Amino acid sequence: MKLTINNLPVEVPAGTTVLAAAEKAGVRIPTLCHHPDQDVKGVCRVCVVEVEKSRTLQAACAFPVAEGMVVRTNTAAVREARRVIVELMLSRHPKDCLGCARNRRCELQALAEELGVRDVRFTHIEKKHPKDESTPSLVRDPAKCVVCRRCVYTCNEVQAVGALFPAYRGHETVVVPAYDKPLLDIACSLCGQCVHACPVGAITEHDDTDKVWAALADPKTHVVVQTAPAIRATLGEEAGLPPGTLVTGKMVAALRRLGFDRVFDTDFTADLTIMEEGSELIQRLTTGGTLPVITSCSPGWIKFIEHFYPELLPNLSTCKSPQQMFGALAKTYYAKKAGIDPASIFVVSIMPCTAKKFEAARPEMNASGYRDVDVVLTSRELGRMFRESGVDWGRLADEEFDDPLGRSTGAAAIFGATGGVMEAALRTAYELVTKKELKNLDFVAVRGMTKIKEATIDLDGTKINVAVAHGLGNAKELLERIKRGEKTYHFVEIMACPGGCIGGGGQPIKTTNAVREQRIDAIYREDKRMPLRKSHENPAITQIYAEFLGQPLGHKSHELLHTHYTAREKV
Amino acid sequence: MAKQEKQAIDVDRVDKIVARHASREGALLPVLKEVQDLVGYLPEEALKRVALGLGLSLSRVYGVATFYSLFYTTPKGKYVVRVCESAPCHVQGAPEVIAAIERELGVPFGETTPDGRFTLEMVSCLGVCGVAPAVMVEDRVYGNLTPETVIAVLQEYR
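Chains A and B are the protein sequences, given in the same order.
Numbers given in the working numbering equal positions in the first sequence, counted from 1, plus 43.
Numbers given in the working numbering equal positions in the second sequence, counted from 1, plus 465.
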């Protein structure tokens with residue numbers, strides 16, 4: 044179809060929206076409810092344009108092109124309409140940009156600037172709605188909600204959780220859980236994908252930076268930090284670096300500058316997870332245990348299965364997540380080794396994840412005799428701490444993690460991307476089962492953004508079927524396949540967030556699928572960079588089994604590294 | 466109201482309604498209507514059964530139930546009195562009629578009388594502007610009302 048946009052000719056296939064055609068023509072049209080990874084909603088009207096022969100202005104995001112169409116995006120009428128629309132939103136939006144978690148990362152703020160809004164011509168009537176701070180993970184502030192419905196799409200269509208939906212009508216419409224209940228009381232995975240969907244500060248992570256500042260300032264507290272595999276591939280974005288920049292060494296250096304006594308790595312316990320989970324898989328395969336074994340690293344996924352598929356809880360690996368294994372070991376193994384009273388050890392996790400905050404607060408997560416992980420910070424919160432402390436990324440030299448909980452392999456690094464736990468487990472399981480060296484370490488079939496990935500792996504005669512799903516909607520689809528018994532799977536990896544942890548709900552704003560792809564590339568570059576790429580070859584892992592744990596699935600492991608799950612209500 | 470909220474609902478009958486519609490697309494609205502006809506309003510317990518039965522999230526069911534003004538998520542009185550607040554009724558004396566109703570029943574619009582007999586509601590238009598001001602009690606429409614005649618109408622439902 045041929046059309047003109049601002050007198051520029053452009054040709055696009057039928058069914059293309061005016062917005063997409065304009066993008067092709069190099070014409071920018073402002074948007075708000077539009078999201079590159081979502082279906083058309085057409086509710087905010089910010090993208091209105093003039094279409095010749097059309098009686099009214101049309102929403103470019105929803106309006107399909109036609110042959111010979113004449114579109115104008117920059118007329119006085121269009122500019123005024125957009126400005127009125129944004130002013131109407133601002134007239135019902137709190138004026139607290141300076142103190143908002145999304146200050147300078149807010150799409151409404153950016154729009155107001157872009158459209159030249161100076162005065163709001165409408166009376167300011169603030170929405171009155173209490174904040175929901177019921178969970179340790181997320182804070183919902185519906186008073187800031189612009190009802191764009193992007194979180195609704197994510198929560199319902201992408202994540203299949205359905206915690207959020209618009210309720211009531213007209214100007215009273217508000218996006219809430221049923222009966223406006225607090226998130227803690229409903230079936231919410233706490234994955235935080237709604238945070239990425241939200242253009243404003245209506246949903247944010249629960250900020251725990253003050254607790255960490257306090258611990259760092261206390262000379263009697265020994266503060267150790269662990270960094271999740273995905274963080275090194277995303278944290279740079281908080282410092283303004285492009286998506287996909289690896290910042291492993293600089294991150295370690297910056298954490299030392301903040302004042303952490305030891306900078307350790309969740310990658311160490313990711314390797315340990317492979318030893319435990321791999322052994323569990325082999326045990327269940329050989330002793331007729333419940334199959335498929337489903338991974339248990341992702342706390343958003345754990346909360347999802349507890350609510351929606353409690354009948355499949357026996358399938359979950361009993362392994363704690365790497366974060367919780369780390370906490371339990373930091374206050375036992377490390378405390379003993381370093382001769383430090385575990386009561387004075389304060390464990391901080393840097394996680395890509397809002398659900399990790401809930402996980403750390405679960406009552407059973409105290410195997411060390413103390414709360415295993417004291418505070419979980421998302422990569423966004425750590426980014427704020429770095430900015431506040433004046434860390435100059437450009438001038439930092441790379442530094443190394445501390446021993447012994449800082450040693451890891453490439454197998455641990457890929458935990459950060461969808462398919463990574465599966466691939467890491469296969470690298471180890473292959474060698475443990477076959478006693479042969481694995482020649483090609485790259486299980487590319489389980490990598491990437493394909494919704495559900497499957498592969499059959501030959502462990503020297505024993506063929507095992509594996510499947511990988513990322514995003515809870517895809518997970519639901521895979522679980523239904525498992526329940527229907529269409530195919531026998533032996534090992535299944537599920538991550539709550541699209542793309543895996545690099546796309547986690549605690550990751551830098553803005554996380555879109557295009558950004559996820561770049562971060563995934565970085566994760567596999569990190570894997571390639573590592574001298575060791577199989578978990579069982581990590582010398583620190585060999586050491587901890589020799590000195591402390593005994594053997595995988597042994598008594599000590601059972602006590603410190605494994606857990607149980609809780610069935611929860613579906614509605 | 467809190468007391469009525471706790472009243473046990475006939476879950477089996479709600480489930481039967483859901484089962485009758487479950488297979489067809491767009492089942493939610495007819496199910497909500499029938500459940501409301503059965504229970505009188507849409508209590509949380511009933512909406513949970515509807516959500517589970519239709520495979521929908523409770524937030525979606527609640528969103529739909531609160532979008533339509535003829536669905537109630539809190540108990541309503543035996544009779545619902547709806548008064549038009551649009552311009553034609555307004556200029557023909559609706560404010561005086563409204564004041565008379567509130568005086569007579571002792572509760573403001575949006576609420577239910579303590580005896581549970583009347584729920585007062587404002588609506589946008591009843592579609593009978595020719596006989597403004599108009600009031601609808603349950604499904605009967607009364608027009609050309611004055612503060613005096615509307616009291617007589619209410620008496621019919623006492």
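Backbone N, C-alpha and C define an ideal beta-carbon position, used for all residues, glycine too.
Keep in mind that this is a model prediction, so the values were computed, not measured.
Which residue wins for smallest C-alpha separation from residue 528/A, given the options 357/A, 335/A, 178/A and 571/A?
Taking the first residue of the first sequence as position 1, residue 528/A is located at position 485. Nearest of 357/A, 335/A, 178/A and 571/A to residue 528/A, Cα basis: 335/A.
Do the stretch 186 to 206 of chain A and the stretch 489 to 505 of chain B touch if we need at least three Cβ pairs shorter than 8 Å?
The stretch 186 to 206 of chain A, when compared against the stretch 489 to 505 of chain B, does not touch it at the 8 Å Cβ threshold.
Check whether chain A comes within 9 Å of residue 524/B, counting only Cβ atoms and requiring the distance to be less than that.
Numbered from its first residue, the second sequence carries residue 524/B at position 59. Output row for residue 524/B: interface = yes.
Just confirm the distance between the C-beta atoms of residue 475/B and residue 514/B, as a whole number of angstroms; I'd bet it's less than 8 Å.
For the purposes of this step, residue 475/B is taken as residue 10 along the second sequence, with counting starting at 1. For the purposes of this step, residue 514/B is taken as residue 49 along the second sequence, with counting starting at 1. Between residue 514/B and residue 475/B the Cβ distance is about 10 Å, and since that is not below 8 Å, they are no contact.
DSSP state of residue 209/A, grouped into three classes?
If you number the first sequence from 1, residue 209/A lands on position 166. Looking at residue 209/A - three-state DSSP - the assignment turns out to be strand.
In the structure shown, what three-state DSSP assignment does residue 383/A receive?
Stepping through the first sequence from its first residue, residue 383/A is reached at position 340. Note: residue 383/A maps to coil in three-state DSSP.
For chain B, check one thing: does any of its Cβ atoms lie closer than 9 Å to the Cβ of residue 222/A?
Taking the first sequence and counting its residues from 1, the one referred to as residue 222/A is at position 179. Interface residue, yes.
In chain B, which residues lie with their C-beta within 9 Å of the C-beta of residue 211/A?
Position 168 of the first sequence holds residue 211/A. Near residue 211/A (Cβ distances below 9 Å), the residues of chain B are 528, 531 and 532.
Got a sec: does the ligand GTP put a non-hydrogen atom nearer than 8 Å to the Cβ of residue 490/A?
Of ligands this structure carries none, so the ligand GTP is not represented either.
Given a cut-off of 9 Å on the beta-carbon distance, is the pair residue 576/B and residue 546/B in contact?
If you number the second sequence from 1, residue 576/B lands on position 111. If you number the second sequence from 1, residue 546/B lands on position 81. No, they are not a contact pair.
Got a sec: which bits of the stretch 500 to 519 of chain B sit with their beta carbon under 8 Å from any beta carbon on chain A, in order along the chain?
From the stretch 500 to 519 of chain B, only 509, 512, 513, 516 and 517 have a Cβ closer than 8 Å to chain A.
So that I know if they touch, is there some Cβ in chain B lying closer than 9 Å to that of residue 207/A?
Numbered from 1 along the first sequence, position 164 holds the residue referred to as residue 207/A. Yes, because at least one Cβ of chain B sits closer than 9 Å to the Cβ of residue 207/A.
Does the distance from the CB of residue 533/B to the CB of residue 512/B come in under 9 Å?
Position 68 of the second sequence, counting from 1, holds the residue named residue 533/B. Position 47 of the second sequence, counting from 1, holds the residue named residue 512/B. Taking 9 Å as the Cβ cut-off, residue 533/B and residue 512/B do not qualify as a contacting pair.
How about residue 172/A and residue 188/A: are their beta carbons less than 9 Å apart?
Numbered from 1 along the first sequence, position 129 holds the residue referred to as residue 172/A. Numbered from 1 along the first sequence, position 145 holds the residue referred to as residue 188/A. Contact flag set, yes.
CB-CB under 6 Å to residue 597/B, same chain, minus the five flanking residues each way: which ones, in chain order?
Position 132 of the second sequence, counting from 1, holds the residue named residue 597/B. The answer, listed in chain order, is 553, 554 and 557.
How many Å lie between residue 276/A and residue 500/B at the Cα?
The residue you call residue 276/A lines up with position 233 of the first sequence. The residue you call residue 500/B lines up with position 35 of the second sequence. Between residue 276/A and residue 500/B, the C-alpha separation is close to 52 Å.
Could you give the distance in angstroms between the alpha-carbon of residue 107/A and the alpha-carbon of residue 97/A?
On the first sequence, position 64 is the one that residue 107/A refers to. On the first sequence, position 54 is the one that residue 97/A refers to. Their backbone Cα atoms lie some 13 Å apart in a straight line.
Does residue 606/B come out as helix, strand or coil in the three-state DSSP assignment?
Translated into the one-based positions of the second sequence, residue 606/B becomes position 141. If DSSP states are grouped into helix, strand and coil, residue 606/B belongs with the strands.
Within 10 Å of its beta-carbon, does residue 594/A have 16 or more other beta-carbons around it, so buried, or fewer, so exposed?
Position 551 of the first sequence, counting from 1, holds the residue named residue 594/A. Looking at its Cβ environment, which holds fewer than 16 other Cβ atoms inside 10 Å, residue 594/A is exposed.
Taking buried to mean at least 16 other C-beta atoms within 10 Å of its own C-beta, is residue 168/A buried or exposed?
Sequence index remark: in the first sequence, residue 168/A carries index 125 (1-based). Exposed, by the Cβ-count rule.
Contact between the stretch 398 to 407 of chain A and the stretch 430 to 444 of chain A: three or more CB pairs below 8 Å?
Segments in contact, no.
What span of residues does the alpha helix (DSSP H) with residue 369/A cover, start to end?
For the purposes of this step, residue 369/A is taken as residue 326 along the first sequence, with counting starting at 1. Note, residue 369/A: alpha helix (DSSP H), 365 to 372.
Evaluate the contact criterion for the stretch 508 to 521 of chain A versus the stretch 242 to 258 of chain A: three or more CB pairs, one atom per stretch, below 8 Å.
Touching, no.
Taking Cβ positions, are residue 179/A and residue 219/A nearer each other than 9 Å?
By 1-based counting over the first sequence, the position of residue 179/A is 136. By 1-based counting over the first sequence, the position of residue 219/A is 176. For residue 179/A and residue 219/A, no; Cβs fall outside 9 Å.
Give a yes or no on contact between the stretch 250 to 261 of chain A and the stretch 551 to 569 of chain A, applying the rule of three or more CB pairs nearer than 8 Å.
Segments in contact, no.
For chain A, check one thing: does any of its Cβ atoms lie closer than 9 Å to the Cβ of residue 521/B?
Here residue 521/B is taken as the residue at index 56 of the second sequence, counted from 1. With 9 Å as the cut-off, residue 521/B counts as an interface residue toward chain A.
Can you tell me which of the three DSSP states residue 550/A falls into?
Counting from one through the first sequence, the residue named residue 550/A turns up at place 507. Coil, per DSSP.
Taking the CB atoms as reference points, tell me whether residue 236/A and residue 421/A lie closer together than 9 Å.
The count along the first sequence starts at 1 and reaches residue 236/A at position 193. The count along the first sequence starts at 1 and reaches residue 421/A at position 378. Not closer than 9 Å, so no.
Give the single residue among 604/B, 517/B, 510/B and 505/B whose Cα lies nearest to the Cα of residue 483/B.
Sequence index remark: in the second sequence, residue 483/B carries index 18 (1-based). Taking only the C-alpha atoms, the option nearest residue 483/B is 517/B.
Please return the same chain residues whose Cβ sits closer than 7 Å to the Cβ of residue 14/A, not counting the five positions on each side in sequence.
In the structure as shown, chain A begins at 44 and stops at 614. Residue 14/A is therefore absent and cannot be evaluated.
Alpha carbons only, please: which of 230/A, 339/A, 464/A and 306/A is nearest the one belonging to residue 522/B?
As a working mapping, residue 522/B is identified with position 57 in the second sequence. Among 230/A, 339/A, 464/A and 306/A, the Cα nearest to that of residue 522/B is on 230/A.
Under the rule that 16 or more other beta-carbon atoms within 10 Å means buried, what is residue 138/A, buried or exposed?
Residue numbering aside, residue 138/A sits at position 95 when the first sequence is read from its first letter. So residue 138/A ends up on the exposed side.
Would you be able to state if there are at least three C-beta pairs under 8 Å between the stretch 538 to 547 of chain A and the stretch 266 to 281 of chain A?
A contact exists between the stretch 266 to 281 of chain A and the stretch 538 to 547 of chain A.
From the DSSP secondary-structure annotation, give me the bridge partner or partners of residue 248/A.
Start at 1 with the first residue of the first sequence, and residue 248/A comes out as number 205. In the DSSP output, where bridge partners are listed per residue, residue 248/A has 181/A.
Examine chain B for any beta-carbon lying closer than 9 Å to the beta-carbon of residue 199/A, and answer yes or no.
By 1-based counting over the first sequence, the position of residue 199/A is 156. Chain B contact via Cβ: present.
According to DSSP, is residue 590/B helix, strand or coil?
As a working note, residue 590/B is residue 125 in the second sequence. Coil.
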